[in-house]
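Below: the structure, in structure tokens.
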Amino acid sequence: MSVETHEEVHRHPAPTGFIRKYIFSLDHKVIGIQYIILALVAVLVGMTMSLLMRMNLSWPGTHWPILATLFPTGAPAGVMNPDFYLSLVTMHGTIMVFFVLTTAPQGGFGNYFLPIQIGAEDMAFPVLNMMSFWITLLGFVVILLAIVVEGNVRIGEWFAALGPSFAGGSGTVGPIGGWTGYAPLSAIGKIAGPGQGAGMNLWVISIAIFCVGSLLGALNFITTLLNMRTKGMSLMRMPLTCWAWFTTAVLALLSFPVLLGGGILLLLDRIAGTSFFIPGGLYVSGVLSGTNPNFPLHTGGSPILWQHLFWFFGHPEVYIAILPGMGATSHILATFARKPVFGYRAMVFAIFAIGLLGFFVWGHHMFISGMSPYSAIAFSVLTLSIGVPSAVKTFNWIGTLWGARIRFTTPMLFAIGFVSLFVAGGITGLILGQSSLDLAMHDTYIVTAHFHLVMGVASIFGMFAAIYFWFPKMFGRLMSESLGKFHFWITFIGVYSIFVPMHVMGLVGMPRRFSTFAEYGFLTKLHPLVLFVSIAAIMTIAVQFVFYFNLIWSLFKGQRASDNPWEATTLEWSTSTPPPHDNFAGVLPTVYHGPYEFAVPGAPNDFIMQTDAGAEVTSGNGHDGHKH
Amino acid sequence: MATMVTSTKTVTKKSTGEGSKFPGPNGNGSKRNGHDFFDPESRANRYRIGMWVALASITMLFTALSSAYIVRAGGASDWVSIAMPRVLLFSTALILISSVTLEVSRRSLKDSSLDGYGRWLLLTMLLGLGFLASQLVAWRQLARQGVYLSSNPHSSFFYLLTAAHAVHLAGGLLALIFLWVRSRLATERKVTARGQAAADAVTIYWHFMDALWIYLFLLLFLWR
Amino acid sequence: MGRALAVIIWIITALSVLMFVSKKWWFPATISEHGPALDRQFMITILVVGVSFGAAQIGLGWMVWKYRDTGKAGDRGLYTHGSNRLEVLWTVITAVVFISLAIMGQTVWASLRLHDAPPGSYSVEVVAQQFQWNFHYAGKDNVFGRTDPKLIDDGALNFIGLDESDPNEKDDAVLASLVIPVNRPVELRLRSKDVIHSFWVPPLRFKQDLVPGMEIKVHFTATKVGQYELACAELCGQNHFKMRGFMLVLPDNEFEPLKALPQAQFQEQVKSLLAKYPIIID
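Residue numbers (the working numbering), protein chains in the order written: chain A, 9 to 636; chain B, 6 to 229; chain C, 1204 to 1485.
Shown next as structure tokens:
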């Protein structure tokens, strides 16, 4: 396990001041941790919102005194009103998708470990990297402002100076539009009702800012991976995590500009009176377009155009959220199965196939939107074909476990959980991707169940696996295994209890984004199920605080970790714990093996590190088929 | 799975690990030992790759806006084509010339002529500024005719696309200023590899902005 | 640990499958011509989904159950980098199954959406608005009166902007409920006054967005008499959850005389029919 080829490289001077070291740091590791902290804060906000939503759905009309204090406008006398619920829906979706599922897997873990895993001392453009974090953080601040600007009169007044469409204080809590912000509801402004004022402007601006931050990040990831791999780190020797981060970056690079473009058009419709998405002759809240200063004349815009632009981004976004989780899962499964990844090359192709196909299926969100019924057929067939590479990945994960010697550590439990949840969530795509069935399924709870399981929970499981796995490398201490396992068991059972019942709610026909189901007779029989889901959700949310506690406790009191506590093979484990400022203390590693050389017959240990020059291995660097 | 052969023929290969021997098919980055963050060749590669990647993303932005343009132009009854402000021909001429001057500037740098580099860079900057000013004049001309951002879809797209292009071009202009200032401040009057790499990357960007303008110009006034 | 995890995975799998198989919470009985075919396609799909889900989870559980680390020195896992034969095999199988499913999944869609409403269909104009449905009936002459957004006046109850000067308008009626004949194709001309709404009647197995600025024509045939709930399925603002309407499917002997009634009596008659038919909720 020795690094024999040493090459002196110029070192970055390590910064000494607190601000340059921890705040405006150029070090990809610090930036990665900053992204993870952002995601940990954002997920707390998003999770609290889901708790409030479940409370409202299961116990409508109940007085929650604390809510009256916290949200005097959204929950007067402690009873949540429909606007409050809908702005929770909107903010929960937006914060979770953008500031959790896009930041932690890619900006967080990707930033920290991609350079180390390919043997680079930093990202290609450290300054851009720092900027991408701070821009993303700005986006988060703006999205939080979107909540306060509507509810808080004083803050609303400050924003009113920006123009009439920014005048807030409409008495709601935040913007209302769902995370998809369909025009023209999101485009026509305050006239469309509560939640369509200044908060919606800030929602659009926040997303545009986020796009810019993500683009800078993607640019950095791609360049780093293409240009900065160390000696011997051929593409097919890269850990699967790197392939996943790379593909994710390509998806982000090509899809975020489209959302940015759409966002600019939407903002112009809102504040400059253009008609990109707003058709003519609208009559809203008793006012005809063009007859009132609050509702300028609009003509000829296309609401469906927004949907095309949004979903052209929105579908790849799903893969942006989950691909890093897939990478981490493959990586962690192999490590604790003590076996090479089964079908490494097929895994790489599958990641690429998923990424590529992901650009041609956005129309399956729009079967019943009024677009051409012929294009629906093409989108439908393409959508179901994404199932093929997804199935290939699943088979290979199970193949990786076949004949393994599994070590059931907490990260391994979460990785196995990921596989289980990915199957459970992904497989219903076969139902939802069919245009015929979508006539019954569209915008019901089966959709909610499907995407929460696959892009929400499965991705989060990937991230839990990642944090338990890499925490010792990042902070030099192991996280508590017993707390971690407790966290796993309850969360695993909890998320299934929440989301499986939602599927059958969808079959009954329960529509999404309803603040109460009391209005409809056909939904009454679902009330016990709604209550069950809420209880499961409260239980699952509660146990996340065990995770937060574990995180903080382990930071100070966790068992000290060696350089390679998991006996893993890839480069991050060949450097010291935590890694020095330039990752390899001035000596870039040389790579001799594929990433997952476990259980090599005849080798002294059951793992051979990528840097291990002396070891004898089969020619297998991952891409040869099985030798017969 | 039962059919699978589980034994493995071990084709052993001794990795000696001598520095001179290339252990893998790809040393990547530089031909030397792996990449090196400060290695000039590696840095030039990095700037070039980064620039093309950035241009891919800018292309996607303008593709999205153009497809919105085409969709909006196709289905609309409210489309009123705006007359092309004549000054746009002048803008087009300016930006075309600026590409040439920047190319001359870059070649001067290659020929190690720092003075020529600075002079041509300055000229390019002035041409770029001229382009932006000329675009502003076009806006003013339209506004004087009473054609504003929200007047009709064609004018909305005209203002939007020209503004989006101008913002990107202004970014390029800042980069030119940065290059120029650095070439003035250089203590050793010689061309550094880093300066060359940066100049190359900025030139790619500038040419791209030139081509993008021609494309937008044709889109806006041929497809209407 | 491994055994516990395997057992948990299996229990979750069994309970999840049970939740579907028990059909305790299931689709309401279908009332449309295309409904049975759609339900059949769903059953085929859910079978594929259920078998794949079950097989994958059982397989995953099995690996977890069987291949624990024994802790014995020198006991190592299987050294294999995969099998191209297996990769090809499962890629081909899943591709064939999934793509056949996708193609089969187009039949109902194609029958409903790729052609116009058959001749002789009964047409109703639907104009949605924040948070109410307006159904515009052509009356005896079967010609819809002219509408114009400029004439809309919610205060005067002219919700869809009917032009009173149009002779075709005289016998038209605008109601908050949808009344259609049974076993006869119905064409809906969907429009929206303000934002996107979606027409959703669960037992009908039918949903379509109403997009402002567009008139979207769709058609279906209801096959069972009764009154059904109608919901909005696209977030349309504050009171989205309250945008409830009713669809009344009438037998010919009640529908034909109703259709011929003049405006005021038509409304009265619909009111009494709505009271007559209980709401069918499953």
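Glycine residues also receive a C-beta, built at the ideal position from the N, C-alpha and C atoms.
Just so you know, these numbers come straight off a predicted model, no measurement behind them.
Counting contacts by CB-CB distance shorter than 8 Å, is W1336 (chain C) in contact with chain A? Taking the first residue of the third sequence as 1, we reach residue 1336 (chain C) at position 133. Interface residue (Cβ-Cβ distance to chain A less than 8 Å): W1336 (chain C) is not classified as such.
For chain C, is any of its Cβ atoms less than 8 Å away from the one on Q637 (chain A)? Outside the modelled stretch of chain A, which goes from 9 to 636, sits residue 637 (chain A), for which no answer is possible.
Other residues of its chain near V551 (chain A): CB distance less than 8 Å, five sequence neighbours each side excluded: The residue given as residue 551 (chain A) occupies position 543 in the first sequence. Cβ neighbours of V551 (chain A) beyond the five flanking positions: F494, H495, I498, T499, G502.
Beta-carbon within less than 8 Å of V38 (chain A)'s beta-carbon, same chain only, minus the 5 sequence neighbours each way: which residues are those? The residue given as residue 38 (chain A) occupies position 30 in the first sequence. Result list for V38 (chain A): K29, Y30, in chain order.
Report buried or exposed for L131 (chain B), applying the criterion of at least 16 other Cβ atoms within 10 angstroms of its Cβ. Locating residue 131 (chain B) in the second sequence gives position 126, counting from the first residue. Exposed, since its Cβ has fewer than 16 Cβ neighbours within 10 Å.
Listing by chain order, which chain A residues have their CB less than 7 Å from the CB of R51 (chain B)? Residue numbering aside, residue 51 (chain B) sits at position 46 when the second sequence is read from its first letter. Those within 7 Å of R51 (chain B) in chain A are A132, T231, N235.
Using a C-beta cutoff of 8 Å, does Q1260 (chain C) count as contacting chain A? Here residue 1260 (chain C) refers to the residue found at position 57 of the third sequence. Yes, contact with chain A.
Under a Cβ-count criterion, where at least 16 other Cβ atoms within 10 Å of its own Cβ denotes burial, should G29 (chain B) be classed as buried or exposed? Looking up residue 29 (chain B) in the second sequence gives position 24. At G29 (chain B) the pLDDT is 31, less than 50, meaning the model places this residue with poor confidence; the figure from the coordinates comes in the next sentence. When all chains shown are included, G29 (chain B) counts as buried.
Does the count of Cβ pairs from the region 102-110 of chain B and the region 76-93 of chain B closer than 8 Å reach three? no
Between the C-alpha atoms of T56 (chain A) and D1375 (chain C), what's the straight-line distance to the nearest angstrom? Working through the first sequence from its first residue, we reach residue 56 (chain A) at position 48. Working through the third sequence from its first residue, we reach residue 1375 (chain C) at position 172. Cα-Cα distance, rounded: 51 Å.
Please name the residue, chosen from A:L262, A:A169, A:M379, A:P509, that lies closest to L1221 (chain C) on a Cα-to-Cα basis. Taking the third sequence and counting its residues from 1, the one referred to as residue 1221 (chain C) is at position 18. For L1221 (chain C), the nearest C-alpha among the options comes from A:P509.
I believe Y93 (chain A) touches S380 (chain A) by the beta-carbon criterion, under 8 Å. Please report the beta-carbon distance rounded to the nearest angstrom. Counting from one through the first sequence, the residue named residue 93 (chain A) turns up at place 85. Counting from one through the first sequence, the residue named residue 380 (chain A) turns up at place 372. That pair is no contact at about 34 Å.
Whole-Å CB distance - H173 (chain B) paired with I63 (chain B), under 8 Å assumed: Translated into positions along the second sequence, residue 173 (chain B) becomes position 168. Translated into positions along the second sequence, residue 63 (chain B) becomes position 58. Contact holds; Cβ gap of about 7 Å.
Where does W574 (chain A) land, buried or exposed, given buried means 16+ other C-beta within 10 angstroms? As a working mapping, residue 574 (chain A) is identified with position 566 in the first sequence. W574 (chain A) comes out buried.
For Q1335 (chain C): DSSP bridge partner residues: Indexing the third sequence from 1 puts residue 1335 (chain C) at position 132. The beta-bridge partner set that DSSP reports for Q1335 (chain C) consists of C:Q1332.
According to DSSP, simplified to helix, strand and coil, what is I1482 (chain C)? Within the third sequence, residue 1482 (chain C) is the residue found at index 279, counting from 1. In the structure shown, I1482 (chain C) sits in a strand (DSSP, three-state: E or B).
Which same chain residues end up closer than 7 Å to Y43 (chain A) when comparing Cβ atoms and leaving out the 5 residues on each side of it in sequence? As a position in the first sequence, residue 43 (chain A) is number 35, starting the count at 1. T111, A112, G115, G116, N119, F141, listed in sequence order.
Classify E1471 (chain C) as buried or exposed, calling it buried when 16 or more other Cβ atoms lie within 10 Å of its own Cβ. Here the question's residue 1471 (chain C) lines up with position 268 in the third sequence. Per the 10 Å Cβ criterion, exposed.
Residue nearest to P311 (chain A) in terms of C-alpha spacing, selected from A:L438, A:L290, A:V295, A:E325: The sequence position of residue 311 (chain A) within the first sequence is 303, counting from 1. For P311 (chain A), the closest C-alpha among the options A:L438, A:L290, A:V295, A:E325 is that of A:L290.
Within 10 Å of its beta-carbon, does R149 (chain B) have 16 or more other beta-carbons around it, so buried, or fewer, so exposed? Position 144 of the second sequence holds residue 149 (chain B). Classification of R149 (chain B): exposed, given that the 10 Å Cβ count is below 16.
I want to verify the contact list: residues of chain C whose CB lies under 8 Å from the CB of Y30 (chain A), in sequence order. Your numbering for residue 30 (chain A) matches position 22 in the first sequence. The premise fails here: Y30 (chain A) is roughly 38 Å from chain C at the closest Cβ pair, so nothing lies under 8 Å.
G201 (chain A) to V292 (chain A), Cα distance in whole Å? For the purposes of this step, residue 201 (chain A) is identified with residue 193 of the first sequence, where counting begins at 1. For the purposes of this step, residue 292 (chain A) is identified with residue 284 of the first sequence, where counting begins at 1. Whole-angstrom Cα-Cα distance: 9 Å.
Taking 6 Å as the limit between beta carbons, can you name the residues of its chain near K1479 (chain C), skipping five residues before and five after? As a working mapping, residue 1479 (chain C) is identified with position 276 in the third sequence. Same-chain partners within the cutoff: there are none.
What does a CB cutoff of less than 6 Å around W370 (chain A) pick up in its chain, not counting 5 residues either side in sequence? Locating residue 370 (chain A) in the first sequence gives position 362, counting from the first residue. So the qualifying residues of the chain are W319, F320, H323.
Assuming P1481 (chain C) and Q1430 (chain C) make a contact with CB atoms under 8 Å, what is their CB distance in whole Å? Walking along the third sequence from the start, residue 1481 (chain C) turns up at place 278. Walking along the third sequence from the start, residue 1430 (chain C) turns up at place 227. Indeed they touch by this definition, with Cβ atoms about 7 Å apart.
Using a threshold of 8 Å, state whether the C-beta atoms of I423 (chain A) and R346 (chain A) are closer than that. The sequence position of residue 423 (chain A) within the first sequence is 415, counting from 1. The sequence position of residue 346 (chain A) within the first sequence is 338, counting from 1. Rather than Ile, the amino acid found at residue 423 (chain A) in this sequence is Ala. Against a cut-off of 8 Å, the Cβ pair of R346 (chain A) and A423 (chain A) comes out as no contact.
Could you tell me whether any Cβ in chain B is nearer than 8 Å to the Cβ of L296 (chain A)? Walking along the first sequence from the start, residue 296 (chain A) turns up at place 288. Not a single CB atom of chain B sits nearer than 8 Å to the CB of L296 (chain A).
Beta-carbon of I54 (chain B) versus every beta-carbon of chain A: anything under 8 Å? Position 49 of the second sequence holds residue 54 (chain B). Judged by the 8 Å Cβ criterion, I54 (chain B) is in contact with chain A.
Taking 8 Å as the threshold (beta carbon to beta carbon), is N1361 (chain C) in contact with chain A? Residue mapping note: residue 1361 (chain C) aligns to position 158 of the third sequence, counting from 1. So no, N1361 (chain C) is outside the interface.
Reference T1273 (chain C); option with closest CA among C:G1205, C:F1334, C:Y1325, C:P1239: Within the third sequence, the letter at position 70 stands for residue 1273 (chain C). The shortest Cα separation from T1273 (chain C) among C:G1205, C:F1334, C:Y1325, C:P1239 belongs to C:G1205.
Three-way DSSP call (helix, strand, coil) for W1403 (chain C) in this model: The residue given as residue 1403 (chain C) occupies position 200 in the third sequence. DSSP places W1403 (chain C) in strand when its eight states are reduced to three.
Output needed for L276 (chain A): all residues of its chain with C-beta closer than 8 Å, excluding positions within five of it in sequence on either side, in chain order. The residue you call residue 276 (chain A) lines up with position 268 of the first sequence. If you ignore the 5 residues before and after L276 (chain A), its C-beta comes within less than 8 Å of the C-beta of T282, F284, all in its own chain and listed in chain order.
Around the C-beta of M2 (chain A), are 16 or more other C-beta atoms found within 10 angstroms, so that it is buried, or is it exposed? Summary: the structure shown does not reach residue 2 (chain A), with chain A confined to residues 9 through 636, and so no result is reported for it.
With DSSP collapsed to three states, give me the class of G294 (chain A). Translated into positions along the first sequence, residue 294 (chain A) becomes position 286. Assignment of G294 (chain A) by DSSP, reduced to helix, strand and coil, places it in the coil class.
On the three-state DSSP scale, how would you describe E129 (chain A)? If you number the first sequence from 1, residue 129 (chain A) lands on position 121. Coil.
Short Cβ contact (8 Å threshold) for F1334 (chain C) with C1439 (chain C): As a first step, residue 1334 (chain C) must be located in the third sequence, where it is residue number 131. As a first step, residue 1439 (chain C) must be located in the third sequence, where it is residue number 236. Closer than 8 Å, so yes.
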